[in-house]
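Top line first, the protein sequences correspond to chains L and H.
So for the first sequence, this note's numbering puts the first residue at 1; every next one is plus one.
So for the second sequence, this note's numbering puts the first residue at 1001; every next one is plus one.
Beta carbons: idealized from backbone N, C-alpha and C, even for Gly.
Just so we're clear, the structure is a prediction, and the values are computed from it rather than from any experiment.
Take a look at the structure set out below.
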Amino acid sequence: EAQVTQNPRYLITVTGKKLTVTCSQNMNHEYMSWYRQDPGLGLRQIYYSMNVEVTDKGDVPEGYKVSRKEKRNFPLILESPSPNQTSLYFCASSLAGVLSYEQYFGPGTRLTVT
Amino acid sequence: QKEVEQDPGPLSVPEGAIVSLNCTYSNSAFQYFMWYRQYSRKGPELLMYTYSSGNKEDGRFTAQVDKSSKYISLFIRDSQPSDSATYLCAIFSGGYNKLIFGAGTRLAVHP
């Protein structure tokens, strides 16, 4: 089954404790992206990757890191989480270029930072 | 000014009603316009897309783009309780390789 998986689905952590949210896709997609979703603000892009070893900032990259060492995986790293990073996070993947309008989303990770 | 504006609702309608969901956008260069649907506790999924101006129909759903007024719409005919979800309009910016989303409109269709 074609899918994007994320782990964990739910995470409660404390300020400053490093964490990683994993994302994996099995569709051989070149393009992968991370979004956060907050009430009233919709989905905002954090980082994206056009292919292996190619990443770039989205609209809200502060406080986040990513890496793309393999085509299928695109982990999101919070080196020192803060309460304003409490949010619902989605990973997405798609084919590259103009076909990136059709993105496949993971089930989401709800993060709470206390 | 936000690049894509969408009324967050919520919108509550009886089963069988015609639903109209709308967004406005600011950049006249955009060419790809999408509607994503998001059920509770799920990720968004692409419902329909339209290239440039015009209408596109898929069953009970019709997507409409008016580039002259920078207005995009989604119409749902004969709405069903299973249509209850959040609907997100989105625009693909090829120059920046990203989707720009509206805030989403939460729709509830009650029997």
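What are the residues that DSSP puts in a beta bridge with Q1064 (chain H)? H:N1055 and H:S1073
Per DSSP, which one or two residues make a beta bridge with R36 (chain L)? L:R44 and L:Y89
Consult DSSP for V1019 (chain H) and reduce its assignment to one of helix, strand or coil. strand
Test: A1108 (chain H) CB closer than 8 angstroms to a CB of chain L: no
Looking at the strands, I want to know which residues DSSP matches up with M1034 (chain H). H:Y1049 and H:A1090
How close, in whole Å, do the beta carbons of P61 (chain L) and T20 (chain L) come, if the pair is a contact with beta carbons under 8 angstroms? P61 (chain L) to T20 (chain L), Cβ: 16 angstroms. No contact.
Any chain H beta carbon closer than 8 angstroms to Q3 (chain L): no
Around the C-beta of S1020 (chain H), are 16 or more other C-beta atoms found within 10 angstroms, so that it is buried, or is it exposed? exposed
Whether or not the stretch 1024-1031 of chain H and the stretch 1066-1079 of chain H are in contact is what I'm after, with contact meaning three or more pairs of Cβ atoms, one per stretch, closer than 8 angstroms; do they touch? yes
From which residue to which residue does the beta strand (DSSP E) around T1105 (chain H) run? T1105 to H1110
Using the C-alpha atoms, what's the distance from S80 (chain L) back to S24 (chain L)? 23 angstroms
Integer-rounded CB distance, given that L1099 (chain H) should sit under 8 angstroms from W1035 (chain H): Not quite, the Cβ-Cβ distance comes to about 12 angstroms (not below 8 angstroms), so this is no contact.
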